[in-house]
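Asks:
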Amino acid sequence: MTAGGSRADLGGAVLVGASRAGAIAGLIGLVALLPWVAATDPASTVLRARYAEREATPEAVAAVRAELGLDAGPLAFLGDWLGGLLRGDLGTSWVSGRPVTAGLLDALGVSLTLMAHALGVALVLAVLLALPSLRAAVRGRPRWGVGAIGVGLTAVPEFVLALALLLVGAVGLGWFDPYGWDSPSDVVLPALALGLPAGGLLGRLLATALTGVAGEPWVAAWRVARCPAPALAGALLQRALPSVLGQLGLVVVGLLGGAVAVEQVFAVPGLGRAMLGAAIAQDLPALQGSLVLVLAAALVVGLLVALLRRALLGPAVGAGALPLPPPVVVVRRRDAVVPLLGLAVLLVILGAGLVRDPFAPDRGRLTSPSAALPFGADASGRDLLARVAHGALSTLGAAVLAVLACLLLGLVVGVCQRVGTGPTEVANAAPPVLAGLVVAAIAGPSLPGAVVAVVAVGWAPLAAHAAALVTESRAQPHVALLPVLGVGRVRGLVVHVLPAVLPPLARHAVVRLPATALALASLGFLGLGSQPPSPEWGRLLAEGSPYLERAPWTVLAPLGALVLVAVTAVAASVWQPRSR
């Protein structure tokens with residue numbers, strides 16, 4: 005390697021390190037300065053929360069600002085907050101006036117207990133789903149996929165599954181208490197709601213990795229040498245697991261985000277529910293402390309995953325997993341049945357519901373489904389079929405705007421690979437719910453705010469994909485020769501690199517559209533997105549949840565629409581790659 009190449013590599017490493025450090029520092033700074041970037045005056049919020057009987061005069065607001073230390077300016081406030089953080093002091097609640105550290109640590113303990121059970125469910129399910137692929141790989145007949153069960157579990161988001169489990173396990177069968185955290189049985193339904201989607205995803209990833217490994221030459225050599233089946237199975241797992249461990253870390257961090265909705269559904273007194281309550285009440289110190297604990301948990305998870313990957317691969321290649329060969333592609337027509345059928349049902353719902361009025365409260369309160377009201381009526385007497393159909397336009401329309409913004413942002417960051425490494429890694433590890441909490445604390449809950457929250461983290465996978473495509477395009481011989489021919493860097497990027505990058509990146513963005521719609525619906529369900537009387541699907545679920553026992557159709561209608569979109573999307577994405 006030449007001296008110039010060594011200096012370039014060193015400069016690139018320094019730039020990447022600076023990008024990561026800057027992203028983490030920026031995130032901590034944003035959390036610390038939430039009182040200064042919030043749209044509402046923090047002093048007015050505290051005045052209303054603590055001293056409701058006092059008039060909000062300029063003198064009273066100024067007194068509260070002095071009490072909170074806000075009159076010293078943002079830099080002094082930042083220094084005091086960081087100093088308290090180093091001492092283990094997460095601040096004082098603006099609502100109760102008490103320190104938040106002890107309560108948040110108790111809530112974190114509840115969430116970690118729930119996460120441990122959910123992770124156990126996820127790992128057991130992942131093993132069960134991947135076991136047929138492992139057995140087939142050992143026998144020399146690789147199979148792709150995990151079947152309809154794995155696809156369905158992956159498709160359903162946590163808050164939707166939580167409502168379904170509540171409806172069946174608590175309301176229908178009566179096997180579990182619907183709410184609370186008082187007995188060991190109370191962990192069952194929340195753990196299943198969190199663990200089943202995570203297990204479906206991990207099972208799919210592991211099964212795909214095992215299929216890719218089964219096609220490598222060394223596997224055939226071991227099989228010809230009559231290697232014992234247990235030894236070959238162990239070697240296959242050791243080769244395939246590192247490619248899944250990175251996703252395992254994201255899944256564990258994602259459990260924190262999913263726990264916000266699940267804890268809200270089952271009234272679990274965990275950190276997710278505490279964060280949501282703090283964001284809605286504008287109790288910024290409690291929200292700041294919650295976010296710090298989540299960030300600390302994410303860093304610990306990332307470190308543990310890195311150590312486990314290093315243990316599996318050894319120090320020589322411990323920095324990352326070896327690439328897996330792609331499976332051989334073959335498309336079968338019968339695999340298109342599920343996505344086409346789901347799309348047809350959605351079109352029928354739209355056709356029947358868009359001609360109805362979603363806001364007219366003249367159908368009778370909580371009227372059950374009938375020929376005139378196929379989906380029944382909600383608590384205000386409004387036609388649920390009309391609201392689900394019009395909500396599809398609201399939810400999917402906002403999702404399209406979010407995906408377009410993610411595509412543009414991902415492309416820009418992907419072109420600036422080294423500078424964007426840190427922000428991409430931070431955004432990729434943050435669930436949309438956490439971004440939604442921060443945006444709601446800053447600007448208040450709204451549909452535009454929910455779109456901003458989803459875009460704030462949704463661009464990261466597209467940026468990572470764009471960076472890989474740009475690297476691949478620049479390595480092509482005709483592009484590498486452009487500087488020799490006198491073509492400038494900008495012209496080479498615009499004329500030769502971007503035309504090769506945009507088509508596959510746009511296809512990736514389209515595939516992410518349903519997941520984006522589900523993320524927006526989850527924020528709406530938590531009260532961080534669309535506000536009444538909007539018929540957005542998450543909002544419909546939130547409005548129907550209090551009537552789950554009396555009128556389950558108020559939840560079943562939007563719940564069925566979300567499940568239909570999710571399963572259709574995942575089935576469509578699974579339709580393409582198949583291995584022989």
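Per this note's numbering, the sequence shown starts with residue 5, numbered consecutively.
For each residue, glycine too, the CB sits at the ideal point set by N, CA and C.
Do three or more CB pairs link the region 214-232 to the region 166-179 at distances below 8 Å?
Replies: Result no; under three Cβ-Cβ pairs closer than 8 Å.
Asks: Which residue comes first and which comes last in the alpha helix (DSSP H) that contains A168?
Replies: Residue mapping note: residue 168 aligns to position 164 of the sequence shown, counting from 1. Per DSSP, A168 belongs to the alpha helix (DSSP H) from E162 to L169.
Asks: Rounded to whole angstroms, what's the CA-CA distance from R69 to S372? Just pull it up for me.
Replies: Here residue 69 is taken as the residue at index 65 of the sequence shown, counted from 1. Here residue 372 is taken as the residue at index 368 of the sequence shown, counted from 1. Cα to Cα, the separation comes out at about 52 Å.
Asks: Could you tell me the distance, in whole angstroms, from the CA atom of A47 to the CA atom of V392?
Replies: Walking along the sequence shown from the start, residue 47 turns up at place 43. Walking along the sequence shown from the start, residue 392 turns up at place 388. Approximately 40 Å, taken between the alpha carbons.
Asks: Going by C-alpha to C-alpha distance, which of A64, P182 and P161 sits closest to A553?
Replies: Start at 1 with the first residue of the sequence shown, and residue 553 comes out as number 549. With the sequence shown as reference, residue 553 is identified as Glu, and Ala is not the correct amino acid for it. Looking at the Cα atoms, P182 is the closest of the given residues.
Asks: Look at the Cβ atom of A211, then the Cβ atom of A244, and state whether they are nearer than 7 Å.
Replies: Here residue 211 refers to the residue found at position 207 of the sequence shown. Here residue 244 refers to the residue found at position 240 of the sequence shown. No, they are not a contact pair.
Asks: What residues are listed by DSSP as bridge partners for D387?
Replies: Taking the sequence shown and counting its residues from 1, one reaches residue 387 at position 383. Answer is A381, bridged to D387.
Asks: For P427, name the three-state secondary structure that DSSP assigns.
Replies: Residue 427 sits at position 423 when you count from the first residue of the sequence shown. Looking at P427 - three-state DSSP - the assignment turns out to be helix.
Asks: Just to confirm the assignment, what range does the alpha helix (DSSP H) spanning E547 have?
Replies: Here residue 547 corresponds to residue number 543 of the sequence shown, with the count starting at 1. Segment W541 to G548, the alpha helix (DSSP H) holding E547.
Asks: Going by Cα to Cα distance, which pick from S477, L568, P507 and R516 is closest to H500?
Replies: Counted from its first residue, the sequence shown places residue 500 at position 496. Of S477, L568, P507 and R516, the residue nearest in Cα terms is S477.
Asks: Taking C-alpha atoms, which residue in G253, E59, P194 and V455 lies nearest to L405?
Replies: Working through the sequence shown from its first residue, we reach residue 405 at position 401. Among G253, E59, P194 and V455, the Cα nearest to that of L405 belongs to V455.
Asks: What whole-angstrom Cβ distance do T105 and L94 have, given they're in contact under 8 Å?
Replies: In the sequence shown, the residue the question calls residue 105 occupies position 101. In the sequence shown, the residue the question calls residue 94 occupies position 90. T105 to L94, Cβ: 5 Å. Contact.
Asks: Count the other CB atoms, across all protein chains shown, that sit within 10 Å of the CB of V567; report buried if there are 16 or more and exposed otherwise.
Replies: Residue 567 sits at position 563 when you count from the first residue of the sequence shown. So V567 ends up on the buried side.
Asks: Three or more C-beta pairs under 8 Å: does that hold for the region 534-545 against the region 444-460?
Replies: Yes, since at least three Cβ pairs between the region 534-545 and the region 444-460 fall closer than 8 Å, the two stretches touch.
Asks: Am I right that L240 and A265 are in contact with their C-beta atoms under 8 Å? What's the rounded C-beta distance?
Replies: Residue 240 sits at position 236 when you count from the first residue of the sequence shown. Residue 265 sits at position 261 when you count from the first residue of the sequence shown. Contact flag wrong, Cβ pair sits at about 36 Å.
Asks: Run through DSSP, which three-state label would I103 get?
Replies: Here the question's residue 103 lines up with position 99 in the sequence shown. Sequence inspection shows Pro at residue 103; the Ile mentioned does not correspond to that position. In the structure shown, P103 sits in a strand (DSSP, three-state: E or B).
Asks: In or out: P556 buried (at least 16 other Cβ within 10 Å) or exposed?
Replies: By one-based count along the sequence shown, residue 556 stands at place 552. Buried is the call here.
Asks: Pull the bridge partners of T96 from the DSSP assignment, please.
Replies: Translated into the one-based positions of the sequence shown, residue 96 becomes position 92. Answer by DSSP bridge pairing, in chain order: P103.
Asks: Which residues bound the alpha helix (DSSP H) around A612?
Replies: Because the chain in this structure spans residues 5 to 584, residue 612 falls outside the shown range and cannot be described.
Asks: Give the range of the alpha helix (DSSP H) segment to which F529 is assigned.
Replies: Counting from one through the sequence shown, the residue named residue 529 turns up at place 525. Residues L517 to F529.
Asks: State the start and end residues of the unbroken alpha helix (DSSP H) segment that holds F81.
Replies: Stepping through the sequence shown from its first residue, residue 81 is reached at position 77. From DSSP, the alpha helix (DSSP H) with F81 extends over P78 to L90.
Asks: Give me the Cα-Cα distance between V280 and E267, rounded to the nearest whole angstrom.
Replies: In the sequence shown, the residue the question calls residue 280 occupies position 276. In the sequence shown, the residue the question calls residue 267 occupies position 263. Before going further, note that residue 280 is Leu rather than Val in the sequence given. C-alpha separation (whole angstroms): 10 Å.
Asks: Evaluate contact between the region 192-204 and the region 126-136, counting only Cβ atoms and requiring at least three cross-stretch pairs below 8 Å.
Replies: The region 192-204 is in contact with the region 126-136.
Asks: For A565, which of helix, strand or coil comes out of DSSP?
Replies: For this step, residue 565 is matched to residue 561 along the sequence shown. The answer is helix: DSSP assigns A565 an H, G or I state.
Asks: Per the contact definition of three or more C-beta pairs closer than 8 Å, is the region 360-375 in contact with the region 384-398?
Replies: In short, these stretches touch, since the Cβ pair count reaches three.
Asks: Thinking C-beta only, is S115 closer than 7 Å to A263?
Replies: Against the sequence shown, residue 263 aligns to sequence position 259. Against the sequence shown, residue 115 aligns to sequence position 111. Yes, these two residues count as a Cβ contact at 7 Å.
Asks: Output the distance between the C-alpha atoms of L522 and P161, rounded to the nearest integer angstrom.
Replies: The residue labelled residue 522 in the question sits at position 518 within the sequence shown. The residue labelled residue 161 in the question sits at position 157 within the sequence shown. Their Cα atoms are separated by approximately 7 Å.
Asks: Between A510 and chain D, is the shortest Cβ-Cβ distance under 7 Å, so that the two count as touching?
Replies: The chain inventory of the structure shown lacks chain D, comprising one protein chain alone.
Asks: What span of residues does the alpha helix (DSSP H) with A445 cover, start to end?
Replies: What you label residue 445 is simply residue 441 of the sequence shown in a count that begins at 1. P436 to A447 is the span of the alpha helix (DSSP H), which, as asked, contains A445.
Asks: Find out if the Cβ-Cβ distance for the pair A464, A431 is shorter than 7 Å.
Replies: For the purposes of this step, residue 464 is taken as the residue at position 460 of the sequence shown. For the purposes of this step, residue 431 is taken as the residue at position 427 of the sequence shown. Cβ atoms of A464 and A431: closer than 7 Å.
Asks: Look at the alpha carbon of L34 and the alpha carbon of G87, and state the distance between them as a whole number of angstroms.
Replies: For the purposes of this step, residue 34 is taken as residue 30 along the sequence shown, with counting starting at 1. For the purposes of this step, residue 87 is taken as residue 83 along the sequence shown, with counting starting at 1. So the two alpha carbons sit approximately 16 Å from each other.
Asks: So for F270, helix, strand or coil by DSSP?
Replies: Stepping through the sequence shown from its first residue, residue 270 is reached at position 266. In this structure, F270 counts as helix in the three-state DSSP scheme.
Asks: Could you tell me if R516 is buried or exposed, where buried requires 16 or more neighbouring beta carbons within 10 angstroms of its beta carbon?
Replies: By 1-based counting over the sequence shown, the position of residue 516 is 512. By the 10 Å Cβ count, R516 comes out buried.
Asks: Note down, in chain order, each residue of its chain lying with its Cβ closer than 6 Å to the Cβ of C410, except the 5 sequence neighbours on either side.
Replies: Taking the sequence shown and counting its residues from 1, the one referred to as residue 410 is at position 406. Contacts found: V459, G462, W463 and L466.
Asks: In angstroms with no decimal places, state the Cα-to-Cα distance between L350 and L400.
Replies: Numbered from its first residue, the sequence shown carries residue 350 at position 346. Numbered from its first residue, the sequence shown carries residue 400 at position 396. When rounded, the distance between both Cα atoms is 12 Å.
Asks: For D110, which of helix, strand or coil comes out of DSSP?
Replies: Counting from one through the sequence shown, the residue named residue 110 turns up at place 106. Helix at D110.
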